[in-house]
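Asks: In our numbering, the protein residues as written are 217 to 303.
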């Protein structure tokens, strides 16, 4: 899986970046560490399965992550969506 950043740079999908941002949003929302880990694992696995052999824009990756998060917890989806992204 590859991600095309906003400036056109194509890079290999970094699961750790996605995991860390979901995990962080879950902690801010009041999840404990284990629950935050399970959520981040679940969302990352879903995204990887869906886009494993594709190229996706960073914007689409964020939209799909938010969509999956909303299925689990709307507060975390909001925190993830409003987080400042400098990439």
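Heads up, the beta-carbon is just placed ideally off N, CA and C, and yes, glycines get one too.
Near residue 234, which residues of its chain fall below 6 Å by C-beta distance, leaving aside the five closest residues on each side in sequence?
Replies: The count along the chain shown starts at 1 and reaches residue 234 at position 18. Counting only Cβ-Cβ distances below 6 Å, and skipping sequence neighbours, we find 260.
Asks: Is the distance from the Cβ of residue 242 to the Cβ of residue 292 below 8 Å?
Replies: Looking up residue 242 in the chain shown gives position 26. Looking up residue 292 in the chain shown gives position 76. In contact: residue 242 and residue 292 (Cβ atoms closer than 8 Å).
Asks: Determine the extent of the beta strand (DSSP E) in which residue 226 is found, giving its start and end residues.
Replies: Position 10 of the chain shown, counted from the start, is the residue given in the question as residue 226. 226–228 is the extent of the beta strand (DSSP E) around residue 226.
Asks: Could you give the distance in angstroms between the alpha-carbon of residue 269 and the alpha-carbon of residue 226?
Replies: The residue labelled residue 269 in the question sits at position 53 within the chain shown. The residue labelled residue 226 in the question sits at position 10 within the chain shown. Residue 269 and residue 226: Cα-Cα distance of roughly 14 Å.
Asks: List the endpoints of the continuous alpha helix (DSSP H) containing residue 241.
Replies: Within the chain shown, the letter at position 25 stands for residue 241. Taken as a continuous stretch (DSSP letters only), the alpha helix (DSSP H) holding residue 241 covers 231–244.
Asks: Just reading off the alpha helix (DSSP H) that residue 203 is part of, what are its end residues?
Replies: Residue numbering for the chain in the displayed model covers 217 to 303; residue 203 lies beyond these limits and cannot be assessed.
Asks: Following the continuous alpha helix (DSSP H) through residue 254, name the residue where it begins and the one where it ends.
Replies: Locating residue 254 in the chain shown gives position 38, where the first residue counts as 1. Its alpha helix (DSSP H) spans residues 249–267.
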